[in-house]
Each structure stands twice: as C-alpha cells, then as structure tokens.
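Working notes, structure below.
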Amino acid sequence: MNTTDAGALGEEQAARYLQKKGWRILERNFSAPYGEVDIIAQDGKTLVFAEVKTRAYRAYGGPLMAVTPAKQKKIALTAQSYLKAKGLKFDSIRFDVLCVLPQGVEHVPNAFFPPRTTL
C-alpha cells in the first residue's frame, strides 16, 4: 500500500472515530489556494478543522510534531477560506490533530492556535 492509499484509509478511520463521538462531518479534503484541510466537522457548537496523520508506528514525537508551524498556518488560512466560501460564522473554532496508528486513533483537541491575524 502506498502512502496516498494509507492516508486515505487513515482519514476514513479518523472520520468514523469522530462520527462515533457524535460529531457531524461537514467536509472532507477541503482545498483552497493555501492548502487542504482533511476533515471539517461540528462538535456541538464548535467548528473543528482537523489534520489527520497516518503512521505505521509512533515516531518523531507523535502527531503534533508532524504539524509544523508552516503547516498550521496553511490549515488556518484554508479554514478562513472555508468560512468565507460557505458564509459561516461560529462562536467557537478549534484546530485538532488526529493520528491514526495501528492500535487506534490518538486525538489531540486544540492542537494549535493560529495567529489572530489569520482568522
């Protein structure tokens, strides 16, 4: 299995994990000029932009180390594009990271906070 296939399977597993928690998946693989957000979901009254990392094993410090400050900025700018394109306003917006490992999904809520100038 190549990394693209593994990534797609990981995103599917992460989406199922979030749905089991009662979240509503609004969008998958939303693309904008700045980049892509893997999963956009609603957790109660909170809009969540989630980055999914699929790993064969835990290495390099876990999922948070895989989402660099540059990647965080791209995700935040893409989130801004999504909100503008859909005409949405949420009182609460959050950025999460999900790491899909063979033993299950590791979920890190509030994994990062973009600069205020971004959103």
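Everything in the sequence shown is counted per this note's numbering, starting at -6 for the first residue and increasing by one.
Idealized CB from N, CA, C, for every residue including glycine.
Every value quoted in this text rests on a predicted model; they were computed, and no experiment measured them.
Cβ pair ALA72, VAL45 closer than 8 Å | no
Measuring CA to CA, which of GLU5, PHE106, LEU19 and ALA1 is closest to LYS64?
-> PHE106
From the DSSP output, in three-state form, read off LEU81 for me.
-> coil
Residue(s) in a DSSP beta bridge with ALA34 = ILE18 and VAL41
For the beta strand (DSSP E) that contains VAL101, what are its first and last residues?
-> 97 to 101
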